[in-house]
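S.K.: Once you've had a glance at the structure underneath, I'll fire off some questions.
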Amino acid sequence: MLAEVIDPELGSDIVDLGMLREVTVGADGLVEVEVALTVSGCPLRTQLRSDIDNRVSSLSGVREVRVRFCEMDAAQRSAVMDRARSKAQEDRSLFTDLPTAARVLAVSSGKGGVGKSSITVNLAVALARRGLAVGLLDADIWGFSIPRLLGMRGELQAKARKIVPMELAVGDGLLKVVSMGFLADEGTAIMWRGLVLNRAVQQFLEDVRWGNVDYLLIDMPPGTGDIQMGLARMLPRTEVLVVTTPPIAAQKVAARAADMARKGHLRVAGVIENMAGFTCEHGTSYALFGEGGGRRLAEEIGVPLVGSVPLHPDIAAAGDCGQPVALGDGPLGHTFDALAERIAQDVAPVVNTSGCTARLLDHVEQALDASMQK
Numbered sequence: 551m552l553a554e555v556i557d558p559e560l561g562s563d564i565v566d567l568g569m570l571r572e573v574t575v576g577a578d579g580l581v582e583v584e585v586a587l588t589v590s591g592c593p594l595r596t597q598l599r600s601d602i603d604n605r606v607s608s609l610s611g612v613r614e615v616r617v618r619f620c621e622m623d624a625a626q627r628s629a630v631m632d633r634a635r636s637k638a639q640e641d642r643s644l645f646t647d648l649p650t651a652a653r654v655l656a657v658s659s660g661k662g663g664v665g666k667s668s669i670t671v672n673l674a675v676a677l678a679r680r681g682l683a684v685g686l687l688d689a690d691i692w693g694f695s696i697p698r699l700l701g702m703r704g705e706l707q708a709k710a711r712k713i714v715p716m717e718l719a720v721g722d723g724l725l726k727v728v729s730m731g732f733l734a735d736e737g738t739a740i741m742w743r744g745l746v747l748n749r750a751v752q753q754f755l756e757d758v759r760w761g762n763v764d765y766l767l768i769d770m771p772p773g774t775g776d777i778q779m780g781l782a783r784m785l786p787r788t789e790v791l792v793v794t795t796p797p798i799a800a801q802k803v804a805a806r807a808a809d810m811a812r813k814g815h816l817r818v819a820g821v822i823e824n825m826a827g828f829t830c831e832h833g834t835s836y837a838l839f840g841e842g843g844g845r846r847l848a849e850e851i852g853v854p855l856v857g858s859v860p861l862h863p864d865i866a867a868a869g870d871c872g873q874p875v876a877l878g879d880g881p882l883g884h885t886f887d888a889l890a891e892r893i894a895q896d897v898a899p900v901v902n903t904s905g906c907t908a909r910l911l912d913h914v915e916q917a918l919d920a921s922m923q924k
C-alpha cells in the first residue's frame, strides 16, 4: 500500500525513494508509519500524511493510522538526490517549460459518458476564478470537445518554434488552452493509431509555451489505452483525478483507471462523482443513477472523495453554448467553486516548495538539461 504513495514532486513512491523508515502493526489494528522528509518543514507533509492515511486505512483490520515524520541527514538527502537523478534519467523522455511547482492533474475515467470533459472544463474555470493561471490540455485527440465547451474558436499559432496556447481570461485568472479542436474541423474524424496519438500528446506537452501556470489540467480520453500509458512515461509528475457516476458498474470500471495510474507510478489524488442526483423544481431529489458510487470508489481505492456534482440539464446546455456553469454564481457554480477550493487547499495545493523535494527536482532537471546539451 505504501508503495502507492507518490511524492508528487519527484514522481516516485516513498518506498522506492527510501523515505519510508518504519512500519509498526499492532494487534489492536493500530498502524504506525515513520517517513523521513528532506527538511522538517516540508510543505508536502500534509499531503503525504493524508495519502498514507487513506491508503493504509483502506486495508482490512486497520483501526487507526498514525504517521510521524523525521528529517533526513546530509547523507540521506544525498542518497535521495542520487535516486531522483536515476529515476529522472530512466523516466524522462521529454522536456517542458512547466514550472516545477505547477500541479499536473489528469482527469480520467474508465469509460465514456460520465461527463469527464464537462468536469475538466468547469474545474479549470473554477480554479481560474480564484486568480490562478490554469493550463488546459485536451488529450482526447479523437473526441476533442474542449473548444466548444469553452466557446473558443481560432487556430493555434507558433512563435519561436513553440505552440502558443489559446487564452481566455476568467476574472482575475487565465486559461491557456491547447486542443486538436484548434487544428481540425469539429466534424472531421481523427483516424490515428497509438504511436501517432502519443506523438500528438507529446507535442502538446513539449512543444507548447505553457509559461507560468499554477495548474495543468489534462482532459484524458476514456479507458486505459495508449495515451494513458504514454502520459505516465512522458510526464511522471502527473496526478490523477478519477471521475465516476453513481452506478456500481461505472464505479468498477473507474477503478481500472485508478489501478492503471498506480501501475504507472502516478499518484491518484481523488475521486469526483458526477450525475450524483437530480432535484426537481419542487425541491424533491431523485437518485436517477443510484447513489454512493463516488464514496464507494474512494473508499475502495483509498483516496478522498473530492466532491459530487448533481445531474442538471444546465451543465449540458451551458457547454453547448460555450458558457460553462462554473462562470456563474448559482448553485452549480458554487458546486464547482467548492471542488476547486478542495483541490487548491487540500488535495493538490500549489505550495512554495523551496528547500523541499522540489528543489532537488530542480537540481535533477538542470543536470539533465546540461547533459542533453552536451
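Under the numbering used here, think of the first position of the sequence shown as 551, with each following residue one higher. We put the CB at the ideal spot given by N, CA and C, even for glycine. In this text the structure is predicted, and so the values were computed from the model without any measurement.
In angstroms, rounded to a whole number, what distance separates the CA positions of A867 and L838?
M.R.: By one-based count along the sequence shown, residue 867 stands at place 317. By one-based count along the sequence shown, residue 838 stands at place 288. Rounded to whole angstroms, A867 to L838 spans 19 Å at the Cα level.
S.K.: Here's a check: name, in chain order, each residue in its chain whose Cβ is nearer than 7 Å to the Cβ of D757, leaving out the five neighbours to either side.
M.R.: Looking up residue 757 in the sequence shown gives position 207. For D757, where only same-chain residues beyond five positions count, the Cβ hits under 7 Å are K712 and I713.
S.K.: By Cβ distance below 8 Å, which residues in the same chain neighbour A848 in space, the five residues on each side in sequence not counted?
M.R.: Working through the sequence shown from its first residue, we reach residue 848 at position 298. Around A848: G820, V821, P854 and L855.
S.K.: Would you call the CB atoms of F828 and L861 closer than 9 Å?
M.R.: For the purposes of this step, residue 828 is taken as the residue at position 278 of the sequence shown. For the purposes of this step, residue 861 is taken as the residue at position 311 of the sequence shown. Yes, they are a contact pair.
S.K.: So what does K709 bridge to, in DSSP terms?
M.R.: Indexing the sequence shown from 1 puts residue 709 at position 159. In the DSSP output, where bridge partners are listed per residue, K709 has K712.
S.K.: Locate the beta strand (DSSP E) running through L767, then write down its first and last residues.
M.R.: Start at 1 with the first residue of the sequence shown, and residue 767 comes out as number 217. Counting along the chain, the beta strand (DSSP E) containing L767 begins and ends at Y765 to D769.
S.K.: Determine whether the Cβ of N824 lies closer than 9 Å to any Cβ atom of chain C.
M.R.: This model lacks chain C altogether; it includes just one protein chain.
S.K.: So A678 and V671 are in contact, right, with Cβ under 8 Å, and what is the actual spacing, rounded?
M.R.: Looking up residue 678 in the sequence shown gives position 128. Looking up residue 671 in the sequence shown gives position 121. Not a contact, Cβ separation roughly 11 Å.
S.K.: Give me, in chain order, the residues of the same chain whose beta-carbon lies closer than 6 Å to that of M730; leave out the 5 immediate sequence neighbours on both sides.
M.R.: Position 180 of the sequence shown, counting from 1, holds the residue named residue 730. The residues are I691 and F694.
S.K.: In this structure, how does DSSP classify T885 when only helix, strand and coil are distinguished?
M.R.: Counting from 1 along the sequence shown, the entry for residue 885 is found at position 335. Three-state DSSP puts T885 in a helix.
S.K.: With a cut-off of 8 Å on the beta carbons, I'd call D688 and D776 a contact; round off their distance for me.
M.R.: By one-based count along the sequence shown, residue 688 stands at place 138. By one-based count along the sequence shown, residue 776 stands at place 226. That pair is no contact at about 16 Å.
S.K.: For D563, write down the residues that DSSP places opposite it in a beta bridge.
M.R.: Working through the sequence shown from its first residue, we reach residue 563 at position 13. Answer by DSSP bridge pairing, in chain order: I556.
S.K.: Would a C-beta distance cut-off of 9 Å place E717 and V727 closer than the cut-off?
M.R.: In the sequence shown, counting from the first residue as 1, residue 717 sits at position 167. In the sequence shown, counting from the first residue as 1, residue 727 sits at position 177. Closer than 9 Å, so yes.
S.K.: Just tell me which of E823, G814, G773 and L767 has its CA closest to the CA of V793.
M.R.: Position 243 of the sequence shown, counted from the start, is the residue given in the question as residue 793. V793 has its Cα closest to that of E823, out of E823, G814, G773 and L767.
S.K.: Taking the alpha-carbon positions, what's the S608 to A739 distance?
M.R.: Here residue 608 is taken as the residue at index 58 of the sequence shown, counted from 1. Here residue 739 is taken as the residue at index 189 of the sequence shown, counted from 1. Going by the C-alpha atoms only, they are around 43 Å apart.
S.K.: Which complete alpha helix (DSSP H) runs does the segment 661-690 hold, if anything under 4 residues is left out?
M.R.: Fully enclosed alpha helix (DSSP H) runs of 4 or longer: 666-678.
S.K.: How many angstroms separate the CA atom of G761 from the CA atom of L725?
M.R.: Your numbering for residue 761 matches position 211 in the sequence shown. Your numbering for residue 725 matches position 175 in the sequence shown. So the two alpha carbons sit approximately 12 Å from each other.
S.K.: From V720 to L767, what distance separates their C-alpha atoms?
M.R.: In the sequence shown, the residue the question calls residue 720 occupies position 170. In the sequence shown, the residue the question calls residue 767 occupies position 217. The straight-line gap from Cα to Cα measures roughly 16 Å.
S.K.: Helix, strand or coil for A826? Go by DSSP, reduced to three states.
M.R.: For this step, residue 826 is matched to residue 276 along the sequence shown. Note: A826 maps to coil in three-state DSSP.
S.K.: List the DSSP bridge partners of F619.
M.R.: Your numbering for residue 619 matches position 69 in the sequence shown. Beta-bridge pairing links F619 to V585.
S.K.: Can you tell me which of the three DSSP states S658 falls into?
M.R.: As a position in the sequence shown, residue 658 is number 108, starting the count at 1. Three-state DSSP puts S658 in a strand.
S.K.: Where in the segment 803-868 do unbroken runs of the beta strand (DSSP E), each at least 3 residues long, occur, reported from the N-terminal end onward?
M.R.: 817-823 and 855-858, all fully within the segment 803-868.
S.K.: Is it the case that the segment 566-583 contacts the segment 801-814, given that we only count it when at least three CB pairs across the two stretches are under 8 Å?
M.R.: With a cut-off of 8 Å, the segment 566-583 and the segment 801-814 do not count as touching, because too few Cβ pairs lie within range.
S.K.: Which residues does DSSP list as the beta-bridge partners of E614?
M.R.: As a working mapping, residue 614 is identified with position 64 in the sequence shown. Partner(s): L580.
S.K.: Provide the residue span of the beta strand (DSSP E) that contains R571, from first to last.
M.R.: Within the sequence shown, residue 571 is the residue found at index 21, counting from 1. Note, R571: beta strand (DSSP E), L570 to V575.
S.K.: For T596, tell me which candidate among G576, V555, M631 and Q626 has the shortest Cα-Cα distance.
M.R.: Within the sequence shown, residue 596 is the residue found at index 46, counting from 1. That would be V555, whose Cα lies nearest to the Cα of T596.
S.K.: For V818, I'd like the list of residues in its chain whose CB is within less than 7 Å of its CB, leaving aside the five on either flank, ordered along the chain.
M.R.: As a first step, residue 818 is located in the sequence shown; it is residue number 268 there, counting from the start. Closer than 7 Å at Cβ, skipping near neighbours: V790, V792, A808, A811, R812, I851 and V853.
S.K.: My output table needs one value for E512: the three-state DSSP class, helix, strand or coil.
M.R.: The chain is shown from 551 up to 924; residue 512 falls before or after that span and cannot be answered.
S.K.: Can you give the Cα-Cα distance for P593 and V901, rounded to whole angstroms?
M.R.: Along the sequence shown, one-based indexing puts residue 593 at 43. Along the sequence shown, one-based indexing puts residue 901 at 351. Taking the straight line from one Cα to the other gives about 7 Å.
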